[in-house]
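All you need for the working numbering is the position in the sequence shown, starting with 1, plus 35. Glycine is no exception: its CB is placed at the ideal position from the N, C-alpha and C atoms. Reviewing the structure listed below.
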Amino acid sequence: MTSVAIVTGASSGIGAATARRLAAEGFHVLAAARRADRLAELVTEIAAAGGAATAVTCDVTSDESVAALADAAASAPGPVTLLVNNAGGARGLDPVESGSVGDWQWMYDVNVLGTLRVTQALLPALESSGAGTIVIVSSTAGFTVYEGGGGYTAAKHAQTAIAGTLRLELCGRPVRVIEIDPGMVKTDEFGLVRFAGDEAKAAATYAGVAEPLVAEDVADCVAWCATRPHHVNVDRLVVRPLAQAAQHKVHRTS
Ligand SMILES: NC(=O)c1ccc[n+]([C@@H]2O[C@H](COP(=O)([O-])OP(=O)(O)OC[C@H]3O[C@@H](n4cnc5c(N)ncnc54)[C@H](OP(=O)(O)O)[C@@H]3O)[C@@H](O)[C@H]2O)c1
Numbered sequence: 036m037t038s039v040a041i042v043t044g045a046s047s048g049i050g051a052a053t054a055r056r057l058a059a060e061g062f063h064v065l066a067a068a069r070r071a072d073r074l075a076e077l078v079t080e081i082a083a084a085g086g087a088a089t090a091v092t093c094d095v096t097s098d099e100s101v102a103a104l105a106d107a108a109a110s111a112p113g114p115v116t117l118l119v120n121n122a123g124g125a126r127g128l129d130p131v132e133s134g135s136v137g138d139w140q141w142m143y144d145v146n147v148l149g150t151l152r153v154t155q156a157l158l159p160a161l162e163s164s165g166a167g168t169i170v171i172v173s174s175t176a177g178f179t180v181y182e183g184g185g186g187y188t189a190a191k192h193a194q195t196a197i198a199g200t201l202r203l204e205l206c207g208r209p210v211r212v213i214e215i216d217p218g219m220v221k222t223d224e225f226g227l228v229r230f231a232g233d234e235a236k237a238a239a240t241y242a243g244v245a246e247p248l249v250a251e252d253v254a255d256c257v258a259w260c261a262t263r264p265h266h267v268n269v270d271r272l273v274v275r276p277l278a279q280a281a282q283h284k285v286h287r288t289s
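Below, the structure is given as structure tokens:
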């Protein structure tokens, strides 16, 4: 029977690439995000490539919306074996002393409480599959802080804490917990969301970096971890572009 994978934040970037890749690996993908039009395009594209996916409009900050996602999973055509908690992002690059409480609130709601809400809703289905996998897309910001990144690094540290705690709590039950921590990934929208649509600021993040990671690189990591034999738990996978030795050490050609 086809296994079902749920990917949150599937309407763009890493989530969309992960949905495409998991469909190519043979999963029936439930692609979840708020923008229905983007999800519809993705599902059509996956079907044209010979895969199977269903769009589920979902706001991970809403209990009702996440409950509807769990309902969709219950009527999916197979056991739910994989959840990829990918929805998230950053807002602002302000110092702690002047950061917007609203931006911090948004980052905590989407990255942290979104992961909590979706994981709680899908855990029974993952466990009853007998071989469940939860992937949490945190970040290198989940273990390193940087100036201006207080709100985002706090949220990503919290996601990392969820992954570690959950792995301890689920020990002995058939659900593994995998944390993926990407460094710099050049996606279309991450920087635009961070800088409120300012294209110049968004582009500056990647200026002079010959080959930042792309969404497909992270999707490859998710797929590799999720397709290991189920007794193999990749606790944490840190992945950066070659040009980025650390948050503060990026090789730029200009
Ligand atoms: N790009 C990087 O350098 C990088 C590095 C490390 C980690 N990450 C992490 O990787 C993940 C994906 O990042 P990305 O670069 O692919 O960014 P992105 O293109 O901006 O994707 C973010 C996704 O999250 C979804 N989302 C936002 N709010 C949501 C909500 N309330 N409910 C449901 N979905 C929501 C968005 O869809 P809708 O707007 O349609 O809802 C979108 O599909 C994030 O968790 C990010 O923190 C990114």
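Close beta carbons around I49, own chain, < 7 Å, minus the five adjacent residues each side: For I49, the CB contacts under 7 Å within the same chain, skipping 5 residues up- and downstream, are N121, V172, V220, T222, A250, V253, A254 in chain order.
Considering Cα atoms alone, identify which of I215, S100, T188, G113 is closest to Q140. Measuring from the Cα of Q140, the nearest candidate turns out to be T188.
Backbone secondary structure at L203 - three-state DSSP: Here L203 sits in helix by DSSP.
What's the C-alpha gap between K315 and D233? Any question about residue 315 goes unanswered here, given that the chain covers just 36 to 289.
By the three-class DSSP mapping on this structure, what secondary structure does G86 have? Three-state result, G86: coil.
Is C93 near ligand 1, with its Cβ less than 7 Å from a heavy atom? Relative to ligand 1, C93 has its C-beta within less than 7 Å of a heavy atom.
Three or more C-beta pairs under 8 Å: does that hold for the stretch 77-85 against the stretch 151-166? Short answer: they don't touch.
Please return the same chain residues whose Cβ sits closer than 6 Å to the Cβ of A190, not counting the five positions on each side in sequence. Within the same chain, and ignoring the five residues on either side of A190 in sequence, the residues whose Cβ sits closer than 6 Å to its Cβ are M142, Y143, N146, V147.
Tell me the rounded alpha-carbon separation between V180 and A198. Using only the alpha carbons, I get a separation of about 18 Å.
Among A68, A261, F178, G165, the one whose alpha carbon lies nearest that of A281: Nearest option by C-alpha distance: F178.
Under 8 Å: do the stretch 232-248 and the stretch 198-216 share three or more Cβ pairs, one atom per stretch? In this structure the stretch 232-248 does not lie against the stretch 198-216, because fewer than three pairs of beta carbons, one per stretch, are closer than 8 Å.
Beta-carbon separation of I41 and V119 under 8 Å? Between I41 and V119, the C-beta spacing is below 8 Å.
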